[in-house]
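A.B. asks: The structure under discussion is supplied below as structure tokens; questions concerning it will follow.
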Ligand code: PLP
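Numbering (the numbering used here), first residue to last: 4 to 387.
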């Protein structure tokens, strides 16, 4: 039986989410924009999901816009702000360990004449609010810093960074795709102006996300069309998936402590087992539990390639991710680990295990045992 430890890449749809979605995949199919009863029934479901998403992050319903994914929400927040505020200033601050959904969006803006500062992180992947303060310029219009990193799990001091941005009247966006459902988020309390989230990281389907946009902030829409999402994000709603997203965030928020407690215990067990069983293995990211996502574990193994390890683990039924991205056949070390000051060889010898509450102790024990064996074999093969 295979063990799935790649939940930061995507999660399975939970039975509760599927159950909530089923009527909207079968019986209830009206277009939410239609005025007849079929349409009204669908509209009611979209409204309910909007309310569930809003409640889960302390927002109001009118501040939630459904999107096709986290990437779209990131693009909309960043590019939409850049275009809307271009007269005021053309400088954006982000950091070196963001997801490509943010990094490549910023790189594109640079090609369009905007300027972007990519903040450095420390060895644990943390960004200090002071570093943000020092990067602020007269023409800065946006600070975008992720809430939780997808490769090493580092949580950023979002509240403090938002406060620094606000001191200068600058908008603050956070990519919370990995954080929503894993940590408590209250946008008002934390001073977040815009937040991106995605369904498939929290047991809802792929292809649905949302952008929280604080009331009163006007950014440029990226898609033109009908009047859906108050005209800001047109396109007929992905009804069943939106219902799934609503059910997923509600469940995640209600069971936050219990669920993350379970995930944390499992991850701690996996971490302890691997580090104890495998000599020359090192955990990457923060030591302090309060500074990391509960379910992400990034480990470097001396003398092995992360890519080979990943493939061998897969052959033995353990699904993980490598810390490196394979681009057109050439192995690029992870930009996250490199930004954390790791040397290239070690960065290429890293893999990420990521857990959900659907994992079991048996999964973790099996993964640790197989990791030990595979690393031993790979090292032995190199020595020959
Ligand atoms: N941001 C982060 C931190 C992510 O981990 C991901 C997905 O891996 C995304 C954005 C993109 O989300 P989506 O897959 O919904 O486009």
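Quick reminder that beta carbons are idealized off the backbone N, C-alpha and C, glycines included.
1) Tell me where the beta strand (DSSP E) around residue 201 begins and ends.
2) Mapping the DSSP letters down to three states, classify residue 330 as helix, strand or coil.
3) By DSSP, does residue 409 sit in helix, in strand, or in coil?
4) Going by C-alpha to C-alpha distance, which of 90, 383, 57 sits closest to residue 223?
5) Can you list, in chain order, the residues of its chain whose CB lies under 8 Å from that of residue 83, leaving out five sequence neighbours each side?
6) Could you please give me the residues that DSSP links to residue 69 through a beta bridge?
7) Compute every distance between the C-beta of residue 177 and the non-hydrogen atoms of the ligand PLP, then say whether any falls below 7 Å.
8) Which term fits residue 234, buried or exposed, when burial requires 16 or more other beta carbons within 10 angstroms of its beta carbon?
9) Would you list the residues sitting across from residue 120 in a DSSP beta bridge?
10) DSSP state of residue 177, grouped into three classes?
11) CB-CB under 8 Å to residue 119, same chain, minus the five flanking residues each way: which ones, in chain order?
12) Report yes or no: do the segment 277 to 296 and the segment 155 to 163 share at least 3 C-beta pairs separated by less than 8 Å?
13) Alpha carbons only, please: which of 47, 20, 349 is nearest the one belonging to residue 33?
14) Report yes if the C-beta of residue 74 is less than 7 Å from at least one heavy atom of the ligand PLP; otherwise report no.
15) Among 342, 20, 365, which has the Cα closest to the Cα of residue 209?
16) Can residue 137 be considered in contact with the ligand PLP, in the sense that its beta carbon sits closer than 7 Å to one or more heavy atoms?
17) Regarding residue 221 and the ligand PLP, is the C-beta to nearest heavy atom distance less than 7 Å?
18) Rounded C-beta distance between residue 62 and residue 355? I'm assuming under 8 Å.
19) Count the other CB atoms, across all protein chains shown, that sit within 10 Å of the CB of residue 339; report buried if there are 16 or more and exposed otherwise.
20) At a cut-off of 7 Å, would you count residue 343 as near the ligand PLP, judging by its Cβ distance to the nearest heavy atom?
21) Helix, strand or coil for residue 362? Go by DSSP, reduced to three states.
22) Quick one: Cα of residue 64 to Cα of residue 373, how far?
23) In terms of residues, what are the limits of the alpha helix (DSSP H) holding residue 245?
24) Indicate the three-state DSSP secondary structure (helix, strand or coil) for residue 228 in the structure shown.
C.D. replies: Well, looking at it:
1) 197 to 201
2) Low local confidence applies: a pLDDT of 45 at residue 330 is under 50, so the model's placement there is unreliable, and no value is given.
3) As shown, the chain starts at 4 and ends at 387. That puts residue 409 outside it, with no answer to give.
4) Just measuring C-alpha positions, the residue of 90, 383, 57 sitting nearest residue 223 is 90.
5) 222, 223, 224, 225
6) 213
7) no
8) exposed
9) According to DSSP, residue 120 bridges with 96.
10) strand
11) For residue 119, where only same-chain residues beyond five positions count, the Cβ hits under 8 Å are 94, 95, 96, 97, 109, 110, 112, 113.
12) yes
13) If you compare the alpha carbons of 47, 20, 349 with that of residue 33, the shortest gap goes to 47.
14) yes
15) 20
16) no
17) no
18) Contact doesn't hold; Cβ gap of about 30 Å is too wide.
19) buried
20) Incorrect: residue 343 has no Cβ contact closer than 7 Å to the ligand PLP.
21) Looking at residue 362 - three-state DSSP - the assignment turns out to be coil, as it is neither helix nor strand.
22) 47 Å
23) 242 to 257
24) In the structure shown, the three-state DSSP call for residue 228 is coil.
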